[in-house]
Amino acid sequence: MTEFAIPRFRSAICIVIAAALCAAAPLRAQSASPTPPSSSPLFREVTDEAGRTVRIPQPVRRIVSLAPSLTETVYALGLQDRLVGDTDYCDYPPDAKTKTKVGGAINPSLEQIAALRPDLVLMTKSLNRLETVYSLDNLGISSYATDPHTVDEIISSSKKLADVLGAPEAGNLLAADIQHRLADLYHRIAALPPKRVLFAVWTEPLISVGKDTFIADAMRRAGAVSIVDSSQDWPQVNLEEVAHLQPDYLVFASSHSESVAPQLDALARLPGWRIIDAVRDRRYAVISDAVNRPAPRIVEAIEDLAKQLHPEAFAEKPEAGKEKPGKEIPQAQHQSFLHLPLDIHSSSPDAATRGGCVCAR
Amino acid sequence: MSSSSALARNFGEPARSSSDARLSVEQVSYAYSANPSQAPLFTLEATSFQAKPGEIVAILGPNASGKSTLLKLISGALAPLSGRILLNGFVIHSLTPRTRAQRIAVVQQESRLLFPAQAWEFVLQGRHAHSRTLRFESEDDVIIAKNALAQVGAADLSDRWMDQISGGEKQRVILARALAQQPLLLLLDEPTLHLDIAAQVDLLHSLRRLAAENRYTVVVVTHELNLAAEYADQVVLMQRGRCLRVGSPATIYQRELLEQVFQTPLTVALGSSGRPHVTVLSGT
Amino acid sequence: MRPLTFRRLFFQCFILALILFIVVVVAMKFGAVPVSLYALGRDVLRFLLGQTSQISTDYGLILWNIRLPRILLAIIVGGSLSVAGTSFQALLRNPLADPYVLGVSSGASVGAILALIATPYLALPPAVSALLTPMGAFLGAAATIAAVYFLGRREGQIDSTTLLLGGVITASFLNAIIMFLLSTVTSGNTRGMAFWLMGDLSTSYQKSVFWFLGIGFFVATGAIYTTATDLNLLLAGEKEAMHLGVDVPRVRLVVYIAASFLTGLAVSVSGSIAYVGLIVPHIMRLIFGSDHRTLLPTAALGGAIALVFADTLARTVVAPTELAVGAVTAVVGAPLFIYLLRRGAS
Numbered sequence: 000m001t002e003f004a005i006p007r008f009r010s011a012i013c014i015v016i017a018a019a020l021c022a023a024a025p026l027r028a029q030s031a032s033p034t035p036p037s038s039s040p041l042f043r044e045v046t047d048e049a050g051r052t053v054r055i056p057q058p059v060r061r062i063v064s065l066a067p068s069l070t071e072t073v074y075a076l077g078l079q080d081r082l083v084g085d086t087d088y089c090d091y092p093p094d095a096k097t098k099t100k101v102g103g104a105i106n107p108s109l110e111q112i113a114a115l116r117p118d119l120v121l122m123t124k125s126l127n128r129l130e131t132v133y134s135l136d137n138l139g140i141s142s143y144a145t146d147p148h149t150v151d152e153i154i155s156s157s158k159k160l161a162d163v164l165g166a167p168e169a170g171n172l173l174a175a176d177i178q179h180r181l182a183d184l185y186h187r188i189a190a191l192p193p194k195r196v197l198f199a200v201w202t203e204p205l206i207s208v209g210k211d212t213f214i215a216d217a218m219r220r221a222g223a224v225s226i227v228d229s230s231q232d233w234p235q236v237n238l239e240e241v242a243h244l245q246p247d248y249l250v251f252a253s254s255h256s257e258s259v260a261p262q263l264d265a266l267a268r269l270p271g272w273r274i275i276d277a278v279r280d281r282r283y284a285v286i287s288d289a290v291n292r293p294a295p296r297i298v299e300a301i302e303d304l305a306k307q308l309h310p311e312a313f314a315e316k317p318e319a320g321k322e323k324p325g326k327e328i329p330q331a332q333h334q335s336f337l338h339l340p341l342d343i344h345s346s347s348p349d350a351a352t353r354g355g356c357v358c359a360r
Numbered sequence: 000m001s002s003s004s005a006l007a008r009n010f011g012e013p014a015r016s017s018s019d020a021r022l023s024v025e026q027v028s029y030a031y032s033a034n035p036s037q038a039p040l041f042t043l044e045a046t047s048f049q050a051k052p053g054e055i056v057a058i059l060g061p062n063a064s065g066k067s068t069l070l071k072l073i074s075g076a077l078a079p080l081s082g083r084i085l086l087n088g089f090v091i092h093s094l095t096p097r098t099r100a101q102r103i104a105v106v107q108q109e110s111r112l113l114f115p116a117q118a119w120e121f122v123l124q125g126r127h128a129h130s131r132t133l134r135f136e137s138e139d140d141v142i143i144a145k146n147a148l149a150q151v152g153a154a155d156l157s158d159r160w161m162d163q164i165s166g167g168e169k170q171r172v173i174l175a176r177a178l179a180q181q182p183l184l185l186l187l188d189e190p191t192l193h194l195d196i197a198a199q200v201d202l203l204h205s206l207r208r209l210a211a212e213n214r215y216t217v218v219v220v221t222h223e224l225n226l227a228a229e230y231a232d233q234v235v236l237m238q239r240g241r242c243l244r245v246g247s248p249a250t251i252y253q254r255e256l257l258e259q260v261f262q263t264p265l266t267v268a269l270g271s272s273g274r275p276h277v278t279v280l281s282g283t
Numbered sequence: 000m001r002p003l004t005f006r007r008l009f010f011q012c013f014i015l016a017l018i019l020f021i022v023v024v025v026a027m028k029f030g031a032v033p034v035s036l037y038a039l040g041r042d043v044l045r046f047l048l049g050q051t052s053q054i055s056t057d058y059g060l061i062l063w064n065i066r067l068p069r070i071l072l073a074i075i076v077g078g079s080l081s082v083a084g085t086s087f088q089a090l091l092r093n094p095l096a097d098p099y100v101l102g103v104s105s106g107a108s109v110g111a112i113l114a115l116i117a118t119p120y121l122a123l124p125p126a127v128s129a130l131l132t133p134m135g136a137f138l139g140a141a142a143t144i145a146a147v148y149f150l151g152r153r154e155g156q157i158d159s160t161t162l163l164l165g166g167v168i169t170a171s172f173l174n175a176i177i178m179f180l181l182s183t184v185t186s187g188n189t190r191g192m193a194f195w196l197m198g199d200l201s202t203s204y205q206k207s208v209f210w211f212l213g214i215g216f217f218v219a220t221g222a223i224y225t226t227a228t229d230l231n232l233l234l235a236g237e238k239e240a241m242h243l244g245v246d247v248p249r250v251r252l253v254v255y256i257a258a259s260f261l262t263g264l265a266v267s268v269s270g271s272i273a274y275v276g277l278i279v280p281h282i283m284r285l286i287f288g289s290d291h292r293t294l295l296p297t298a299a300l301g302g303a304i305a306l307v308f309a310d311t312l313a314r315t316v317v318a319p320t321e322l323a324v325g326a327v328t329a330v331v332g333a334p335l336f337i338y339l340l341r342r343g344a345s
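Here it is in C-alpha cells:
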C-alpha cells in the first residue's frame with residue numbers, strides 16, 4: 000500500500016498560507032497606510048529636469064538631499080533649515096555634515112529617508128539611481144531630479160529649484176550673483192586666447208571629462224579648452240593621444256592641495272608621462288573639487304582656474320567683495336599658481352563605475 | 000548456415016513467436032553512423048533468437064562483434080533499424096521508459112555516484128519504476144528492497160556507503176537494485192569484467208539460481224568462453240555484427256567455428272559438468 | 000534502513016520554517032530605524048485584528064511598506080536561487096553549478112542595461128517605466144534560456160555536457176557585452192548598474208511584481224519537485240536513470256526551463272546575488288542528504304533564511320549606508336561552507 004501524496008500537499012498548503020500572510024501584510028498595509036503627517040492637502044505639479052511630472056506637497060518644509068551638489072545649493076539658497084537629511088558625502092558647507100545621514104547617493108537607506116518624513120527628496124539624474132526614484136514613487140514620497148550639463152544650466156537649475164522649494168527670490172539673487180561674477184570674468188579674459196588643458200580626473204588609468212559635461216563647460220568659462228573631445232562623460236584617454244596633442248596645462252581638482260607636487264613628480268618619472276611637456280615642465284593648475292559638483296560654488300573654481308591660467312588678466316585685485324548673502328566662502332580656495340603642495344586626493348563615493356572617480360558631486 | 004536451422008528450430012510460426020518464449024528477437028538489425036549523410040560506421044545484421052523464463056542466454060563474441068549493441072536494442076535504449084523485439088508480445092521500444100523499467104532491468108558494470116549513498120538507498124532506486132510521482136516509498140517497497148539484498152547475499156551491506164565497499168560487493172548491490180525492479184528480463188553487459196575469478200563464479204552461480212527461483216529471463220553479454228559454456232542455456236555467437244549461430248553450448252562450441260570467430264587456436268573438450276570446456280593454445 | 004517518509008520531511012521543513020520565522024522577526028526588528036519587539040508584536044496583533052488604523056504611524060510606513068516587502072523579496076529570491084542551484088547541480092551532474100552558470104543572469108543583466116538605456120526615450124506612465132528594468136531583465140533571461148537550449152542540444156535532446164559548454168560560452172559572451180555597454184554608453188542611468196550587478200534588494204516594487212514572483216516561484220518549484228525522484232536517479236548516471244524508468248529528455252527539459260525561469264525571476268528584481276544558489280544546496284545536502292524530495296524544499300527554506308539574514312546584515316552593519324547583498328553572502332557563506340565541508344569529510 001503506497002503512501003498517498005495528499006499529506007505532501009499539506010506542507011505545500013502550509014507554506015502557501017504562510018507566504019500569503021506575509022504577502023498580504025504589505026498589500027493590506029499599503030491600502031490602509033496613513034498619509035505621512037507632514038503632508039498637506041495642497042500639491043503642486045512640476046516637471047523636473049529628468050522629464051518626470053512630479054506632485055510636490057506644498058509648502059515644502061522637510062527636504063532630503065541625495066546629492067552633495069544639491070545640498071550645497073540648498074545652503075546657497077539659504078534654505079538649510081528645511082534640510083532634514085543628506086548623504087554621507089555631503090560635506091560642504093561644514094554644517095551639512097551635521098544633518099542626519101541617509102547613506103550613499105547610489106545606495107541610500109529607504110527606511111532612513113522615510114523615517115525623516117520628507118516632503119521632497121532631491122536627486123540628480125547623473126548621480127542617483129533610477130531604482131531609487133521608482134522606489135520612492137512606490138512609497139509615495141515625492142522626488143525631484145535635476146540634470147544640469149552646463150554652467151548656465153547649473154544657474155537655471157538652481158533657480159528652478161528655488162522656485163520649487165517656494166523661495167524664488169533667493170533663487171533670483173543667487174543667479175544674479177553668479178551671472179555677475181561670470182560676466183566680470185568674461186570681460187577680463189574674453190580677449191585672451193584660451194589655454195589648452197587636460198583635466199585629469201584620475202591618472203592611472205588616465206580618465207578625463209567629456210565635452211558635454213558641466214566640468215568642460217566650466218573650464219571654457221575659465222578660458223581653458225579641454226583637449227579631450229569625447230561625447231562620453233568620463234572617457235578613458237590614451238597617453239599617446241595626450242602626447243600628440245600636448246596640452247599647455249594639466250588641471251587637477253583636489254580638496255587637499257599639499258601633495259599634488261610629489262605625485263606629479265612621481266608621474267614625471269614614468270616614460271609614458273614624461274613625454275608630455277606639461278608634465279615635464281610642471282605646468283599644472285589645481286583647483287578646489289568644487290568643480291566636480293554642479294552647484295553654485297563652481298563659480299569659485301572657475302575664477303580660481305582663470306587666475307591660474309591667465310594671471311595677466313588679474314593684475315589688479317577684483318573689486319566686488321567676496322561676501323555674498325546666503326553663501327559661505329571657505330578660506331583655502333585662493334591659491335597662487337606656483338608650486339603649491341597639493342595632493343591628488345580621491346574621495347570617491349563610488350569607484351564602482353571606473354577605476355576611481357574623483358568626483359563627489 | 001547453422002543459424003538458419005537454429006531459426007527454423009525456434010520459430011514455430013512466421014508471424015507470432017512461440018507462446019512459451021518470453022523474449023523474442025525477430026530479425027533485428029541496426030546501423031550506426033556519426034553523420035546521417037555518411038556511410039554507417041557499424042552495422043548489426045538481422046539477428047533473431049528467443050528466450051524462455053528461467054533461461055540464461057549468453058551473447059558471445061570477440062570485441063566489436065555487436066554484442067553490446069544487441070543488448071542495447073533489447074533493453075530499449077536503441078531502436079532497431081528493422082525487425083522488432085518483443086517481451087511477452089509487447090514491442091519493447093514502443094513502451095515508455097517507466098513501463099520498460101518495470102519489466103526489464105539492466106545491470107551496469109559499476110555505478111558512479113555523484114553524491115554518496117548508502118546501499119539500501121541505492122537498491123530502493125530500483126523501485127522507482129513502480130512508484131507513482133510524488134509518492135514516498137511504501138513498506139512494500141522497503142520489503143522488496145530488503146529481499147533483493149538478501150537474495151544476492153548482501154543483506155549485511157545494507158547500511159554501508161557505496162563508495163566504501165569493494166568491487167565485488169558493489170556488483171552485488173547493483174544486482175540487488177536490478178532485482179528490486181521485479182523484472183521479467185535481466186540484462187547484463189560484461190558483468191565479469193572487473194571481478195576476480197571467485198566473484199565471477201559467484202555471480203553467475205547467483206544468476207542461475209535467481210533465474211530458476213524467480214523465473215527471470217537472463218541475457219548476458221560476455222566474451223568469457225568458459226563461463227558462457229558453463230552457465231548459459233543458450234548461446235548467441237556474434238562476429239563483426241553478424242549472428243553466426245544460436246544454440247545450446249554443445250552446438251556452438253565447435254573448434255573450427257570458435258577458432259574462426261576468436262582468431263586464436265584452441266581446443267574444445269567436454270568438462271566434468273557435461274558442458275564444453277575451451278582451452279586456448281598459446282604460441283605458434 | 001530508514002527510507003524517507005512524509006513525516007520526517009514535514010518535520011525537517013517545519014524546523015527550517017521556524018528558523019525562517021525567527022530570522023524574519025529579527026530582520027523586522029533591526030534596520031536603519033530601530034523597532035522594539037514589543038511594539039512590533041503589538042502592531043502585528045492589531046494588524047491581524049483588522050485595526051490597521053491604530054498602527055503607529057511613526058514607523059508603520061517603514062515597517063510594513065519598506066522593511067517587510069524587502070524581507071519578502073529576500074525570501075522569494077533566496078528560495079528561487081537555492082532551488083535553481085540545486086536543480087542545475089543535478090541537471091548538469093556538477094557540484095560546482097550555480098544558477099548563473101548557464102548565462103541566465105548575464106542575459107538578464109544585458110536586458111536590464113538595455114532597458115535602462117532605453118528608458119529616457121520611451122514616454123511611459125511612471126508605473127510602467129518602473130517595471131521596465133525588471134521586464135527587460137526578464138526578457139533578457141528568457142532569450143538566453145532559449146539560446147542556450149538550442150546550443151545545448153545534441154540529436155534533438157538536451158545533453159548535459161553540451162548544455163554546460165553552451166551556457167558557459169554564452170555567459171562569457173554576454174559578460175563581454177555588459178563590459179562593453181558599461182564602458183561606452185554615456186547614459187547616466189547606467190551609473191547605478193554596477194551596484195545592481197552586485198546584487199541588491201533595496202528597490203521597492205509594486206504589488207503586481209510580488210504576485211508575479213510568488214506565483215512564478217511556486218509554479219516553477221512545483222514543476223521541479225515532480226521530478227525529484229527522477230533527479231535522484233539522474234545523479235547515478237543518465238543511462239542508468241533511463242533503465243530505471245526515468246524519461247530523461249523530458250525531465251531535463253522540465254528542470255532546465257523551470258530552474259532557468261526561477262533564476263530569471265530572481266535576477267530580474269535583485270541583480271546577480273552570488274553564492275546563495277551555490278552554497279545553500281551544499282549545506283542542505285550535508286545536513287539532510289541528497290534525496291531531492293527533501294533537498295528541494297529545504298534548499299528553498301535555507302536560501303530564504305540565508306538571504307534574509309544576509310540582507311539584514313547588509314542594511315544594518317554600516318547603516319545608513321547599505322552594502323551590496325552579494326558581498327555579504329560571499330563573506331559569510333564561504334567560510335561557513337568550508338567549515339561544513341571539513342566536518343562532513345571527517
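Top line first, the protein sequences correspond to chains F, V and Z.
Numbering-wise, numbering that gives the first Met the number 0 puts 325 at position 326 of the first sequence, and it's gapless, one number per residue.
Numbering-wise, numbering that gives the first Met the number 0 puts 253 at position 254 of the second sequence, and it's gapless, one number per residue.
Numbering-wise, numbering that gives the first Met the number 0 puts 247 at position 248 of the third sequence, and it's gapless, one number per residue.
Even glycine gets a Cβ: it sits at the ideal position worked out from N, Cα and C.
At a cut-off of 8 Å between beta carbons, N64(Z) contacts chain F. By a beta-carbon distance limit of 8 Å, Q107(V) contacts I173(V). Their separation comes to about 6 Å. Using a Cβ distance threshold of 8 Å, T46(V) and V27(V) count as a contacting pair. Assignment of P261(F) by DSSP, reduced to helix, strand and coil, places it in the helix class.
Using a Cβ distance threshold of 8 Å, S155(F) and L119(F) do not count as a contacting pair.
Cβ atoms of V151(V) and R171(V) come within 8 Å of each other, at about 4 Å.
In this structure, L80(V) sits away from K71(V), with a CB-CB distance that is not shorter than 8 Å.
With the criterion set as a beta carbon lying under 8 Å from some beta carbon of chain F, the members of the region 202 to 217 of chain Z are T202, S203, Y204, Q205, K206, F209, W210, G213, F217, in sequence order.
Contact between the region 28 to 44 of chain Z and the region 77 to 85 of chain F is absent: fewer than 3 CB-CB pairs across the two stretches fall below 8 Å. Here the region 313 to 327 of chain Z does not lie against the region 285 to 304 of chain Z, with fewer than 3 beta-carbon pairs under 8 Å apart. Using beta-carbon distances, P275(V) does not count as an interface residue toward chain Z, since no partner is under 8 Å. It is roughly 12 Å from the alpha-carbon of L209(V) to the alpha-carbon of Y230(V). Contact note: T320(Z) reaches chain F through D87, G102, G103, N106, using a C-beta cutoff of 7 Å and chain order. Look at P334(Z): its C-beta is not under 8 Å from any C-beta on chain F.
Residues P92 of the same chain have their beta carbon placed closer than 6 Å to that of Y74(F), with the five preceding and five following residues left out of the count. About 35 Å separates the Cβ atoms of P261(F) and T72(F), ruling out a contact at the 8 Å cut-off. Taken through DSSP and simplified to helix, strand or coil, Y248(F) comes out as strand. Within a 10 Å sphere around the beta-carbon of H186(F) sit fewer than 16 other beta-carbons, which makes this residue exposed. In terms of beta-carbon proximity, Y133(F) lines the interface with chain Z, with at least one pair separated by less than 8 Å. The region 102 to 112 of chain F makes contact with the region 197 to 213 of chain Z, as at least three CB pairs between them are under 8 Å. Minimum Cα-Cα distance from G276(Z) among the listed residues I286(Z), I256(Z), L300(Z), G288(Z) corresponds to L300(Z). A residue is called buried once 16 or more other Cβ atoms fall within 10 Å of its Cβ, and N237(F), having fewer, is exposed. Within the region 245 to 266 of chain Z, contact with chain V at the beta-carbon level (separation under 8 Å) is assigned to V245, D246, V247.
Unbroken alpha helix (DSSP H) stretches of 4 residues or longer found wholly inside the region 89 to 114 of chain V: 96 to 102, given in chain order. A buried status is given to V147(Z), since no fewer than 16 other beta-carbon atoms sit within 10 Å of its beta-carbon.
Contact between V103(Z) and V266(Z) holds: their C-beta atoms lie close to 7 Å from each other, under 8 Å. By the rule that beta-carbons nearer than 8 Å mark a contact, P2(Z) touches chain V. Only residues of its own chain outside the window of five on either side were considered, and among them W195, L196, M197, G198, D199 have a CB closer than 7 Å to the CB of G270(Z), listed in chain order. Taking a cut-off of 8 Å on C-beta distances, the region 115 to 129 of chain Z does not touch the region 247 to 264 of chain Z, as fewer than three cross pairs fall below it.
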